[in-house]
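First residue of the sequence shown? That's 153 in our numbering, and the numbers climb one at a time after it. Using N, Cα and C, we set each Cβ at its ideal position, and we do this for glycine too.
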Amino acid sequence: MMARSGGAHRRHRAVRQPSRLRKGLTRTLGALVSVAAVGLTGAGYYVAHGALGGITVSNALQPDDPRSSGDDMNILLIGLDSRKDQDGNDLPYSILKHLHAGDSDDGGYNTNTMILVHVSADNRVVAFSIPRDDWVPFTGVPGYNHIKIKEAYGLTKQYVAQKLANQGNSTQKELETKGREAGRAATLRAVRNLTGVPIDYFAEVNLAGFYDLAQTLGGVDVCLNHPVYDSYSGADFPAGRQRLDASEALSFVRQRHGLENGDLDRTHRQQAFISSVMQELQATGTFTNIDKLKNLMAVARKDVVLSAGWSEDMIQRLGGLAGGNVEFRTLPVVRYDNIDGQDVNIVDPAAIKAE
153 MMARSGGAHR RHRAVRQPSR LRKGLTRTLG ALVSVAAVGL TGAGYYVAHG
203 ALGGITVSNA LQPDDPRSSG DDMNILLIGL DSRKDQDGND LPYSILKHLH
253 AGDSDDGGYN TNTMILVHVS ADNRVVAFSI PRDDWVPFTG VPGYNHIKIK
303 EAYGLTKQYV AQKLANQGNS TQKELETKGR EAGRAATLRA VRNLTGVPID
353 YFAEVNLAGF YDLAQTLGGV DVCLNHPVYD SYSGADFPAG RQRLDASEAL
403 SFVRQRHGLE NGDLDRTHRQ QAFISSVMQE LQATGTFTNI DKLKNLMAVA
453 RKDVVLSAGW SEDMIQRLGG LAGGNVEFRT LPVVRYDNID GQDVNIVDPA
503 AIKAE
């Protein structure tokens, strides 16, 4: 599998051309957009202008956590199904109504998208989608010994925030920040334990990020073999090639009801959306257009969290891969089961580690 641990219309005006470094930075984050479908190209622009200015940086990855050996690299991309912003405030109704996602009490803090990106020493890129309902061992929260892997973030966040609240010494923002950091750390542990590989970097995007990115791009193109309808996600599309607006794009990646393979088909939807986003970014020249990058910057500032340590060398390396192919895979599931009233995926860790 992956390396084991050893350690529209242009304005007619003069535009300053992006520097070689800035191009590398924006291509780097564009490469990750192609895998995570988030506004990380904007993050790259921020890096070029000083210390990820305006983007939330997380320290959930600790210095003594396992790291890849040699020139291999693993990056975990997390899509957080939360109806709240980084400070724990409810997303406004003006956004929620486009998300077909219920109110701010729905969804909790489930990590409904997890993609582990492996970049090998010879710069081959493979993106492994982790099904959100994989049944995995879990520690750190009393009363739980197994959970769906998507639940590690939210359960830990809630537990830690409540403990701090009981001590009476934290503001609401501090409770949100510290709880989320604990949730990120728990998700990292769960993925490491499932896959048996280290994680060197991660990026997190909230639910609104998928919508904001598609809106910034003016929509995305998809092709459906069959017409679909799902009242839960708002998906209502005919068969064939079509362009989806931002609200429709989010419905497209969130739909699982009415699909033959449920969540696994949703994983394939996410992969198709990601490929479409990357093609859109390349076709529109976003990587070399400062005005377009500024629009993505706004998405990154609002919707993205990056782990600490995104170095210039790493970003330049990934920038060189932006035009290459990404191989998508989905981690294998042995069978489906129902445990305590929950539909779960039974997995074989040995088979996953051999993937």
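Checklist entry - Since Ser281 is in the beta strand (DSSP E), which residue starts that stretch and which ends it? => result For this step, residue 281 is matched to residue 129 along the sequence shown. Taken as a continuous stretch (DSSP letters only), the beta strand (DSSP E) holding Ser281 covers Val277 to Ser281.
Checklist entry - What whole-angstrom Cβ distance do Gly392 and Cys375 have, given they're in contact under 8 Å? => result Within the sequence shown, numbered from 1, the residue matching residue 392 stands at position 240. Within the sequence shown, numbered from 1, the residue matching residue 375 stands at position 223. With a Cβ gap of about 7 Å, Gly392 and Cys375 count as contacting.
Checklist entry - By Cβ distance below 7 Å, which residues in the same chain neighbour Tyr261 in space, the five residues on each side in sequence not counted? => result Residue mapping note: residue 261 aligns to position 109 of the sequence shown, counting from 1. If we look at Tyr261 and ignore the five residues flanking it on each side, its Cβ neighbours are Leu232, Ser234, Tyr305, Gly306, Lys309 and Gly335.
Checklist entry - What three-state label does DSSP hand Pro379 in the structure shown? => result To locate residue 379, count along the sequence shown from 1; it is residue 227. Residue state, collapsed to three classes: coil.
Next on the checklist: Contact criterion: CB-CB distance below 9 Å. Does Gln310 meet it with respect to chain C?
Outcome noted: Annotation note: the requested chain C is absent from the structure, which comprises a single protein chain.
Next on the checklist: Rounded to whole angstroms, what is the Cα-Cα separation between Asp489 and Val499?
Outcome noted: In the sequence shown, residue 489 corresponds to position 337, counting from 1. In the sequence shown, residue 499 corresponds to position 347, counting from 1. Inter-residue distance for Asp489 and Val499 is about 10 Å (C-alpha atoms, whole angstroms).
Checklist entry - Which runs of the alpha helix (DSSP H) fall wholly inside the segment 292 to 332 and span at least 4 residues, in chain order? => result Whole alpha helix (DSSP H) segments, 4+ residues: 304 to 319.
Item to check | Backbone secondary structure at Ser272 - three-state DSSP | outcome: Counting from one through the sequence shown, the residue named residue 272 turns up at place 120. Ser272 sits in coil when the DSSP states are folded into three classes, being neither helix nor strand.
Next on the checklist: Between the alpha carbons of Asn318 and Arg332, how many angstroms are there, rounded?
Outcome noted: As a working mapping, residue 318 is identified with position 166 in the sequence shown. As a working mapping, residue 332 is identified with position 180 in the sequence shown. If you take the alpha carbons of Asn318 and Arg332, they lie about 17 Å apart.
Next on the checklist: What does the alpha-carbon distance come out to for the pair Ile247 and Ser221?
Outcome noted: Locating residue 247 in the sequence shown gives position 95, counting from the first residue. Locating residue 221 in the sequence shown gives position 69, counting from the first residue. If I take the Cα positions, the gap works out to 43 Å.
Item to check | Validate contact between the segment 292 to 299 and the segment 367 to 382 using beta carbons, cut 8 Å, 3 pairs | outcome: No: the two stretches stay apart, fewer than three of their Cβ pairs being nearer than 8 Å.
Checklist entry - In the structure shown, what three-state DSSP assignment does Gly461 receive? => result Residue numbering aside, residue 461 sits at position 309 when the sequence shown is read from its first letter. Correct three-state label for Gly461: coil.
Checklist entry - Between the C-alpha atoms of Val349 and Ala503, what's the straight-line distance to the nearest angstrom? => result Start at 1 with the first residue of the sequence shown, and residue 349 comes out as number 197. Start at 1 with the first residue of the sequence shown, and residue 503 comes out as number 351. For Val349 and Ala503, the distance between alpha carbons rounds to 13 Å.
Checklist entry - Which class does Asn211 belong to by DSSP, given the choice of helix, strand or coil? => result Against the sequence shown, residue 211 aligns to sequence position 59. Coil, per DSSP.
Checklist entry - CA-CA distance, Gly461 and Tyr381? => result Along the sequence shown, read from residue 1 onward, the residue named residue 461 stands at position 309. Along the sequence shown, read from residue 1 onward, the residue named residue 381 stands at position 229. Between Gly461 and Tyr381, the C-alpha separation is close to 43 Å.
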